[in-house]
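Student:
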Amino acid sequence: MVKICCIGAGYVGGPTMAVIALKCPEIQVAVVDISVPRISAWNSDTLPIYEPGLDEVVKKCRGKNLFFSSDVEKHVSEADIVFVSVNTPTKTQGLGAGKAADLTYWESAARMIADVSKSSKIVVEKSTVPVKTAEAIEKILTHNSKGINFQILSNPEFLAEGTAIQDLFEPDRVLIGGRETPEGQKAIKALRDVYAHWVPMDRIICTNLWSAELSKLAANAFLAQRISSVNAMSALCEATGADVSQVSHAVGKDTRIGPKFLNASVGFGGSCFQKDILNLVYICECNGLPEVANYWKQVIKVNDYQKTRFVNRIVSSMFNTVSGKKIAILGFAFKKDTGDTRETPAIDVCKGLLGDKAMLSIYDPQVSEEQIQRDLSMNKFDWDHPVHLQPTSPSSMKQVSVVWDAYAATKDAHGICILTEWDEFKTLDYQKIYDNMQKPAFVFDGRNIVDVAKLREIGFIVYSIGKPLDEWLKDMPAVA
Ligand SMILES: NC(=O)c1ccc[n+]([C@@H]2O[C@H](COP(=O)([O-])OP(=O)(O)OC[C@H]3O[C@@H](n4cnc5c(N)ncnc54)[C@H](O)[C@@H]3O)[C@@H](O)[C@H]2O)c1
Ligand SMILES: O=c1ccn([C@@H]2O[C@H](COP(=O)(O)OP(=O)(O)O[C@H]3O[C@H](CO)[C@@H](O)[C@H](O)[C@H]3O)[C@@H](O)[C@H]2O)c(=O)[nH]1
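With the sequence shown counted from 1, adding 70 to any position gets you my numbering.
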């Protein structure tokens, strides 16, 4: 029986291994993590991450051919294939701080594999890593390997949170990079055989190691670049009276461009886009390519501009101050259908409003009060780390209250900011909300989900990103 072990039971390791276990009943899959609470949660009825469809998959396989354990060394030593799916956040200190990937977790996992292995293994990079990481990992493994053969493969993951199970069931592609030696090719085939249980062969792409590593960074950079492009257009739409949804629709109809990933928003978030682009920028700089680095840096700059622009719109619309005013924040997660808040634009928007002394009342159906308080008190990039590896929660902020209902959040508020596109925000009783708010009542829709005409009819002053401006906002500066 082939044995797989995955180091890192996070957003990638957990769902990916659960799907491999489901699709390959004859393979035994162990997911291990240094975090005992995280492993306990995977073994309980309340999984540590919220992901539609995940519960069902885990329940079908757990205890049969899928196991979650904190006995990392035992499972690694027994495995034929070891996936490494640990976090690779942005470095906060030292050389490359604020840009380069922090490979501390990766390196310690590699050293542990070298220490405990007694038989040959295929080691698979599942984490997103800088191009050429496999070379460094190879050195760590082979210098400690006591004659054991390790083959390194790069098999980056392309799932998106909120649709992880669907993405894993029907991936656009599976990418496997390996050495161009007979042993490397044999290792590629072994991993390809795992995915071939459910992924059509023409969707399994095999490349050299460096192409696979770089393709992951490139894919995220291209996706984020589309969002920054449409967000840049949204500012121009507001200045000219064009409607960004109409522009996106017209542009996306061109089959060379395509309709996906053209939704204007308050900015992209999530643990990947910013981190991976900063990493790409750093690699370009290290390779003497400042023009290429600056090109990609601009994607992040436009994203920061979009978040600042949104905050400035709120403050300038509300008589240039939100000091002491209650603002309802609807949605805190970086996108709908996840409880993940890493790099969520809500952190920057809330911090901007808190800087102007607003009183925030926050509601998100999947994010806990503890997480929100922690995010708002943390330094940039610290929130890239898993909760259990973050500094302990500082005392909670007095200007922030977290409530469990959109109606409680909006009661007596001066304004509402929609920061996550949860479906339930589309069907709220906005008349009831309006009746219970201070007047004039403002809605700032950072996700373009509300019916602007209907809300204006009720009496709201509405700002919706990239849409023709409300009379109220027309002569106010876009960036105060
Ligand atoms: N989140 C996503 O949607 C996504 C998608 C594709 C790729 N990725 C990439 O996958 C990687 C993992 O991301 P994630 O979101 O799953 O991270 P995560 O923080 O949710 O999970 C990583 C886990 O690794 C564990 N860990 C760290 N060092 C360890 C060690 N030495 N031994 C055992 N366990 C260890 C941590 O405790 C944590 O539970 C990152 O490189 C990320 O860029 C993420
Ligand atoms: O048209 C769009 C699409 C997305 N977003 C925002 O972009 C961010 C990222 O969304 P998404 O890409 O759907 O989620 P992630 O889970 O971050 O997935 C991305 O990052 C993963 C980690 O590398 C990759 O595996 C995925 O392929 C890639 O889509 C979120 O804040 C979205 O709200 C927009 O603002 N407009």
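Cβ coordinates follow ideal geometry from the N, Cα and C atoms, glycine included.
Should K323 be counted as a contact of ligand 2 given a C-beta to heavy atom distance under 7 angstroms?
Tutor: no
Student: Report the three-state DSSP secondary structure of S463 (helix, strand or coil).
Tutor: Summary for S463: the model assigns pLDDT 48, below 50, so the residue's position carries little reliability, and this model does not support an answer.
Student: For E439, which residues from the same chain have a beta carbon less than 7 angstroms from its beta carbon, with the 5 sequence-adjacent residues on both sides left out?
Tutor: V472
Student: Which of the three DSSP states is assigned to R326 in this structure?
Tutor: Correct three-state label for R326: coil.
Student: Quick check: is any heavy atom of ligand 2 less than 7 angstroms from the C-beta of S586?
Tutor: Only positions 71 to 550 of the chain appear in this structure, which leaves residue 586 out of reach.
Student: Can you give me the C-alpha to C-alpha distance between A180 and V102, rounded to a whole angstrom?
Tutor: 14 angstroms
Student: Rounded to a whole number of angstroms, what is the C-alpha to C-alpha distance between L543 and Q469?
Tutor: 27 angstroms
Student: Is any heavy atom in ligand 2 found nearer than 7 angstroms to the beta carbon of L332?
Tutor: yes
Student: If A334 sits next to I535, beta carbons under 8 angstroms apart, how far is it from one beta carbon to the other, in whole angstroms?
Tutor: 5 angstroms
Student: With 16 as the cutoff for other CB atoms within 10 Å, does W474 come out buried or exposed?
Tutor: exposed
Student: Which of the three DSSP states, helix, strand or coil, is assigned to Y477?
Tutor: helix
Student: At what residue ranges does the stretch 267-301 contain a whole run of the beta strand (DSSP E), taking only runs of 3 or more?
Tutor: 274-278
Student: Out of G123, D263, F495, D426, which one is the CA nearest neighbour of G401?
Tutor: Nearest option by C-alpha distance: F495.
Student: Do the stretch 196-205 and the stretch 346-360 touch if we need at least three Cβ pairs shorter than 8 angstroms?
Tutor: Cβ pair count under 8 angstroms is three or more, so yes.
Student: Mind checking which residues open and close the alpha helix (DSSP H) that includes E491?
Tutor: E491 -> no alpha helix (DSSP H), and no H or E assigned at all.
Student: Answer yes if the stretch 241-249 comes into contact with the stretch 183-190, meaning at least three C-beta pairs across the two stretches below 8 angstroms, and no otherwise.
Tutor: no
Student: Would you call S110 buried or exposed, if buried means 16 or more other Cβ atoms sit within 10 Å of its Cβ?
Tutor: exposed
Student: Quick check on DSSP: helix, strand or coil for Y433?
Tutor: strand
Student: Do you know whose CA, among T378, A291, W280, F380, lies nearest K367's CA?
Tutor: A291
Student: Cutting at 6 angstroms between CB atoms, please list the residues of its own chain near A171, excluding the five before and the five after it.
Tutor: T158, P200, N349, listed in sequence order.
Student: Who are the Cβ neighbours of S463 in its own chain at under 8 angstroms, not counting the five residues just before and after it?
Tutor: Bear in mind that a pLDDT of 48 at S463, under 50, signals an unreliable position, so the number given afterwards is only what the model happens to contain. E440, Q443, R444, S447, listed in sequence order.
Student: Suppose contacts are defined by Cβ-Cβ distances below 8 angstroms. Is D313 in contact with P107 by that definition?
Tutor: no
Student: Measure the alpha-carbon distance for N219 versus T160 and round it to whole angstroms.
Tutor: 31 angstroms
Student: Is G78 closer than 8 angstroms to S155 when the C-beta atoms are compared?
Tutor: yes
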